[in-house]
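Just add 645 to the spot in the sequence shown (first one is 1) and you have this note's numbering.
Below is one structure, written out as structure tokens, with a few remarks after it.
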Amino acid sequence: MDDNIILSLQNEFRNEATNAPMLFKDLAKVEQYIAESYKTRSFIELIQNADDANSNKFGIHIYDKFVIVGNDGRDFNYDDVKAICRSGSSNKVRGGDTIGYRGIGFKSVVNLAERVFILSNDINFMYDKKLTQKILNIDDDVPLIRIPHLIESIPNMDKIKGLKEKYGYKTIFLFDNIKENVVEEELQQFDKSSVLFLNSVHKIYLENYGKKREITKQYSNNICKISENSNTEEWMIISYNNKYDKLAFKIENNMIISANVDESVIHSFTPTTESSGGYFKMNGNFSTDPSRKNIDFDDISEKSFYNCCQMITNIIMEILNGNNNYIGFFKPFTEFNNAISSNKIRSKLIKQVSFNLKQNKEFETLRLKPEMISIEDYNEMCKDRFFSIKEETQKNYPEINVFFELLDIKYLTLEEMIECIRNELTLSEVCLATILAKIIKKYRYDFSSQILEKLKNIKIFITKDGQVDSKKLIKYSDLSEKYKQILIDNCD
């Protein structure tokens, strides 16, 4: 064990505390504030640290009065120990290969226990407020995670050895004299989908007084399977040449479905509490507040959000061009309940996707199919004039119209349909009669001379002699029986 590393740092931080006693006292308050703001996220932060250490395995093992957390990642070194002692002095670089960048996440463990032991290769040390008060010869409150201490005797070594042998852990965190209610709440709040965007961790072991949960993450192409014991859920991961910005859609039977409300959040690699604006997950290099719960939409966050919205836009254009690999894609958007989530990001998402789509000249002329006409008549009307949604696409994505309504995309208007008839397109008898019924209902109390002039020259009537305009129609009885019945049915 390299005691010199610990003694050197202990002496450095002891001198700081002696030279600035009030600042040191304030650090205790700041530490407690950080721990409270990270409430129910300590385990997530420990997993993040393990991921940054390139761990494949991570475990939380809860016993009576103590918790052992282990990972099989890179061993601690001098810089790691120094960084974990300080707040906000992480040696991680934002935008590099690590997730964390502030260096304050480990302070969240203050709420878990009274003493913390860290064992990693030949570097073993501990944090203990009473020992800190003793070497400083003070009775005032002191920060827990600040001054490291040598370990005279490691408690529960039999358990530690057993876990290291069984799981191959290289680094151990031992939390002694735990606050059982806090630990229990942390474990209950842990959602297995929290690990979806981690880089390295693929196996998680959660053991609570003998009750075991084993979470496994596996990738195959763009599908991530997360299994917990015998239950498996699948997520479609979408990323376009960017290792940070990703979308994740929950899938069942190879179809996209809406994720649960508590799963549908923005991740800054680990989950925040911010809604993604739909029932899916969004990940990116998002800035957060110190608790990592809320997104700070600075320039870096805006860039990630824009990239995610652009991915959604690209998928929509693929779907419109006949791609059937995203069946169910629109459900997470159309089934989303604004009443139970923040409208702010939802509005931001819809606005950005709408803007992106409308940059495509083809999309500018898109018209949705009104329910009153058939797909065949809709396609005929849009031919050579409007961008339409193909019949196969509408069948495979039945929610597509509802989604485009969110983006304020227009349906074919009555005036546009009248213009199509004026151009003598080949439309069905049902379509023509239905449109005439719509005209009658709309203008029945306002048949001005201008409207009559507009309508009299369009061939909208079907008689035994075929399709004619009002000048060729002699009397009502000349209309086909089918045509008259459609008028009656639609003019009530």
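All C-beta atoms, glycine included, are put in the ideal place defined by N, C-alpha and C.
Just so you know, these numbers come straight off a predicted model, no measurement behind them.
Of all C-beta pairs linking the stretch 987 to 998 to the stretch 1035 to 1050, fewer than three are shorter than 8 Å, placing the two stretches out of contact. Every alpha helix (DSSP H) stretch that sits fully inside the stretch 798 to 852 and reaches 4 residues is listed by chain position as 802 to 812, 825 to 834. Going by beta carbons, arginine 858 and asparagine 874 fall inside the 8 Å limit. For glutamine 863, DSSP records a beta bridge to Lys870.
Between leucine 1132 and leucine 1100 a beta carbon distance of about 15 Å is seen, past the 8 Å cut, so the two are scored as non-contacting. The closest CA to that of asparagine 826, considering only Asn982, Thr979, Phe1008, Lys684, is found on Lys684.
Taking C-beta separations shorter than 7 Å and ignoring five residues to either side along the sequence, the partners of lysine 891 in its chain run Phe842, Ile882, Ile883, Ser884, Asn928, following chain order. By a beta-carbon distance limit of 8 Å, isoleucine 1034 does not contact isoleucine 1018. Their separation comes to about 13 Å.
Fewer than three Cβ pairs drawn from the stretch 763 to 781 and the stretch 952 to 960 lie within less than 8 Å of each other, which leaves the two stretches out of contact. With respect to isoleucine 796, isoleucine 713 sits apart: the two C-beta atoms are not nearer than 8 Å.
Around the Cβ of arginine 1089, a 10 Å sphere holds fewer than 16 other Cβ atoms; the residue is exposed. In terms of CA proximity to phenylalanine 1008, Ile1054 leads the group Glu1016, Ile1054, Asp1022, Ile689.
In this structure the stretch 835 to 849 does not touch the stretch 723 to 733; the number of beta carbon pairs closer than 8 Å is below three.
The count of Cβ pairs closer than 8 Å, one atom from the stretch 912 to 926 and one from the stretch 935 to 946, reaches three, so the stretches are in contact.
Contact between glutamine 677 and proline 793 does not hold, since the beta-carbon distance rounds to 19 Å and is not under 8 Å. Between isoleucine 707 and valine 828, the CB-CB gap stays under 8 Å.
In this structure, DSSP gives glutamine 955 a helical state, which the three-state scheme calls helix. Per DSSP, serine 653 lies in no beta strand (DSSP E) segment; the continuous alpha helix (DSSP H) that holds it begins and ends at 648 to 664. With a beta-carbon spacing of about 6 Å, aspartate 717 and tyrosine 814 fall inside the 8 Å limit used to define contacts. Collapsing the DSSP output to three states places asparagine 766 in coil. Closest in alpha carbon position to glycine 715, among Asp709, Asp724, Asn905, Lys702, is Lys702.
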